[in-house]
Ligand code: TYM
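Written as structure tokens, this is what we have:
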């Protein structure tokens, strides 16, 4: 049976190895699975759509110049990590107005209480509050200095899951490959899609999350109990896909460790389990094999090898990235094609929604 697969990343900072391992790696595995290879000529049956979700990024303030750059950077990273635009479509969310249109419609069926229970909103808004408290007195560069403390917690941030539901529902998506942190948003998407279908009639397909258990949550190198994140205030917490070799080595060397020196993945060793998962993902050597290989090894030797494996893994990605960024026409062509494809599909869904709801003439 043919399947539609949709996913996206916010161009809100530097893409890191957690984004790669939790999301992009899955996308590439799906793309390279035989099913897609065999049927790659039938794009309209088996679809892979990957979005750069810039409208999500602006739910917190983004410097406009930086945002523009990050959008292109994200698109080029999709390609340089291995997304093949002959098989998959890549587009920029804000270039397809159907996303915001459907968001409003979904807002009108979304219970306020359901949105209030979203953990990402609770986490992000409390982080913003804490930052605002510190920033108000000391730092004027953030673009929101001088306003009340909760001024930064916008309706957009609150409403974020409805925009994400629109992204997914517009394309009759079957599966959404993401990391663990997005699971609740996909459940929300299903709830809202189902509610709409019950109120108006069968319009939306209900998507399933695709989450790889082992790699669904890569943790910060500085705190193995907190997720590796683009917005981490500690720059040593995340290895970014475009970090240079020296920085990668420094970040791996400074990664925090558990008590005891055993090189083993175990529940009571969250830091070691995390870096073993990263090692496995970049080297292709299983955690089990790594545990055997480094059974009696010195911790420093293990870290040196891990740093080398990350550097080796990222070198071709970074080389390809530079080539793609130098070829503006190519990147524009991919994004134009992706946008046209996305609009052609989503506009049909919007039409269907309008008709069933009695909107317009
Ligand atoms: P974002 O931009 O925060 O993250 C992009 C993808 O990377 C995954 N991820 C991780 N996986 C493992 N370990 C981590 N530490 C880690 N950090 C991030 C995320 O789970 C995600 O898959 N709301 C989404 C973007 C979005 C979207 C969509 C995704 C908007 N619309 C529609 C799928 C479908 C987000 O903020 O992802």
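In our numbering, the protein residues as written are 50 to 410.
For every residue, glycine included, the Cβ atom is placed at its ideal position computed from N, Cα and C.
Out of the options, which has the shortest C-alpha to C-alpha gap to residue i?
i, options, result
"residue 117", "129, 101 and 169", "101"
"residue 177", "69, 349 and 109", "109"
"residue 130", "374, 390 and 363", "363"
"residue 107", "233, 59, 96 and 283", "59"
"residue 139", "269, 351 and 103", "103"
"residue 308", "215, 297, 301 and 320", "320"
"residue 122", "381, 399, 388 and 209", "381"
"residue 389", "350, 342 and 142", "142"
"residue 261", "180, 150, 181 and 226", "226"
"residue 411", "68, 407, 398 and 137", "Outside the shown range of the chain (50 to 410) lies residue 411, about which nothing can therefore be said."
"residue 292", "339, 245 and 356", "356"
"residue 379", "303, 162, 297 and 125", "125"
"residue 173", "67, 161, 162 and 199", "199"
"residue 57", "247, 258 and 240", "258"
Using only the heavy atoms of the ligand TYM, determine whether one of them is closer than 8 Å to the beta carbon of residue i.
i, result
"residue 482", "Since the displayed the chain opens at 50 and closes at 410, residue 482 lies outside it and no answer follows."
"residue 364", "no"
"residue 209", "yes"
"residue 226", "yes"
"residue 346", "no"
"residue 300", "no"
"residue 236", "no"
"residue 266", "yes"
"residue 331", "no"
"residue 212", "yes"
"residue 167", "no"
"residue 70", "yes"
"residue 130", "no"
"residue 216", "yes"
"residue 78", "no"
"residue 96", "no"
"residue 322", "no"
"residue 61", "yes"
"residue 229", "yes"
"residue 82", "no"
"residue 183", "no"
"residue 279", "yes"
"residue 369", "no"
"residue 57", "yes"
"residue 276", "yes"
"residue 102", "yes"
"residue 387", "no"
"residue 67", "yes"
How many angstroms separate the CA atom of residue i from the CA atom of residue j?
i, j, result
"residue 152", "residue 346", "54 Å"
"residue 250", "residue 158", "13 Å"
"residue 192", "residue 113", "The pLDDT assigned to residue 192 is 47, lower than 50, so where the model puts this residue is not dependable; a value taken from the coordinates is nonetheless given after this. Distance between the alpha carbons of residue 192 and residue 113 is about 11 Å."
"residue 386", "residue 134", "9 Å"
"residue 410", "residue 404", "9 Å"
"residue 83", "residue 77", "With a pLDDT of 47 at residue 83, under the threshold of 50, the modelled position of that residue is not reliable, and the figure given next carries that caveat. Each residue's Cα considered, the two are about 12 Å apart."
"residue 75", "residue 394", "24 Å"
"residue 365", "residue 289", "14 Å"
"residue 232", "residue 256", "11 Å"
"residue 204", "residue 211", "11 Å"
"residue 71", "residue 336", "16 Å"
"residue 269", "residue 276", "5 Å"
"residue 150", "residue 97", "22 Å"
"residue 92", "residue 342", "In this prediction, residue 92 scores a pLDDT of 44, lower than 50, which makes its location untrustworthy; the coordinate-derived value is nonetheless stated afterwards. For residue 92 and residue 342, the distance between alpha carbons rounds to 43 Å."
"residue 218", "residue 299", "42 Å"
"residue 303", "residue 314", "19 Å"
"residue 282", "residue 183", "13 Å"
"residue 167", "residue 306", "32 Å"
"residue 331", "residue 358", "7 Å"
"residue 186", "residue 295", "Confidence at residue 186 is low in this model, with a pLDDT of 42, below 50, so the placement of that residue is unreliable and no value is reported for it."
"residue 316", "residue 272", "15 Å"
"residue 161", "residue 241", "12 Å"
"residue 62", "residue 361", "23 Å"
According to DSSP, what are the bridge partners of residue i?
i, result
"residue 294", "Bridge partners of residue 294: none, in fact."
"residue 268", "276"
"residue 140", "100"
"residue 225", "258"
"residue 318", "315"
"residue 450", "There is simply no residue 450 to check, as the chain begins at 50 and stops at 410 in what is shown."
"residue 65", "289"
"residue 58", "101"
Return the Cβ separation of residue i and residue j in integer angstroms, given the expectation that the two are a contact with Cβ distance under 8 Å.
i, j, result
"residue 287", "residue 65", "4 Å"
"residue 310", "residue 348", "5 Å"
"residue 207", "residue 164", "6 Å"
"residue 267", "residue 334", "Actually they are not in contact, since the Cβ atoms of residue 267 and residue 334 sit about 17 Å apart, beyond 8 Å."
"residue 222", "residue 54", "7 Å"
"residue 170", "residue 209", "7 Å"
"residue 352", "residue 301", "6 Å"
"residue 99", "residue 69", "Rounded, the Cβ-Cβ distance is 13 Å, inconsistent with contact."
"residue 80", "residue 137", "6 Å"
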